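Below is one structure; the comments refer to it alone.
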Amino acid sequence: MALIALAIIWGLLGFYQVDEKEQAVILRLGKYSDTVGSGLHWNPPAVDSVTTVRVTEERQYSARGLMLTQDENIVEVRLSVQYVINDPKKFVLQVREPERSLQHAAQSALRHVVGGNSMDLVLTEGRAKIGMDVDDRLQEYLDMYETGILVSKVNVDESKPPTQVQEA
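Number 89 in this note's numbering belongs to position 86 of the sequence shown; there are no gaps in the numbering.
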């Protein structure tokens, strides 16, 4: 009787629910098995591990930094990146910390694009073009790293001279 009770309890512990906004990555004995969508599912406990990922939630990352332009001037740029997770398998398995990789890639892409433009362009009418260029370069980086992240939009929120030289 005890063995039957343990089997029933073990079986009941394997039920889990995936929300409409999520997908679940299933690892069987540590190896990728499947990706499942919303609904009620069952996997054997202690054999499978389930990691749920919110795939429809639009997330945001903001960054600010001092950068050197092509004409050797320093500008302060504030950037925001909106993104979603489009491949939960890659997001969970390919990169240890995919959101940290996004942060580093965004900084790198922004520095590359700002460094290839003049200060006047960065401070005035070129912000929209810089945002599009950063978006393209950032998505290239994320695809190359196989993070499973899809960039929705990149906004250059603010670009200005550093506070130390604004009066000059």
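Even glycine gets a Cβ: it sits at the ideal position worked out from N, Cα and C. Predicted model only: the values in this text are computed from it and were never measured.
Neighbourhood of residue i by C-beta, 7 Å cutoff - its chain only, sequence neighbours within 5 removed
i: L6; result: none
i: E61; result: Q85, V87, S155
i: P48; result: W13, L16, G17
i: D74; result: S121, M122
Cβ-Cβ distance between residue i and residue j below 8 Å
i: V39; j: V56; result: no
i: L126; j: Y35; result: no
i: H115; j: R140; result: yes
i: G119; j: V159; result: no
i: T150; j: S104; result: yes
i: V78; j: P164; result: yes
i: N46; j: G14; result: no
i: Y148; j: V98; result: yes
i: N89; j: L153; result: yes
Where the alpha helix (DSSP H) through residue i begins and ends
i: A49; result: It is not in any alpha helix (DSSP H) - A49 carries neither H nor E in the DSSP assignment.
i: A123; result: For clarity, residue 123 is Asp in the given sequence; the question names Ala instead. Counting along the chain, the alpha helix (DSSP H) containing D123 begins and ends at 122-126.
i: G134; result: 130-148
The beta strand (DSSP E) enclosing residue i, as first and last residue numbers
i: E79; result: 77-88
i: K163; result: 152-163
i: Q167; result: Looking at the DSSP string, Q167 is not in any beta strand (DSSP E), and its letter there is neither H nor E.
i: Q63; result: 62-71
Close Cβ partners of residue i (< 6 Å) along its chain, the five nearest in sequence each way excluded
i: K156; result: Q85
i: I20; result: First, the amino acid is wrong: residue 20 is Gln here, not Ile. Counting only Cβ-Cβ distances below 6 Å, and skipping sequence neighbours, we find L43.
i: V168; result: none
i: E23; result: S41
i: K92; result: V28, T38
Close beta carbons around residue i, own chain, < 8 Å, minus the five adjacent residues each side
i: Y144; result: A108, S111, A112
i: G33; result: S52
Beta carbon proximity, residue i to chain B, threshold 8 Å
i: N76; result: No chain B appears in this structure, which consists of one protein chain only.
query = Considering only residues of the stretch 91-119, which uninterrupted alpha helix (DSSP H) runs meet the minimum length of 4 residues and lie entirely inside it, listed in chain order?
reply = 91-96, 101-118
task = Check whether the stretch 129-141 touches the stretch 66-77, taking contact to mean three or more Cβ pairs, one atom from each stretch, closer than 8 Å.
result = They do not touch, by the three-pair rule.
key: Start-end ranges of the beta strand (DSSP E) lying completely within the stretch 5-45, minimum 3 residues   = 18-21, 25-31, 34-39, 42-45
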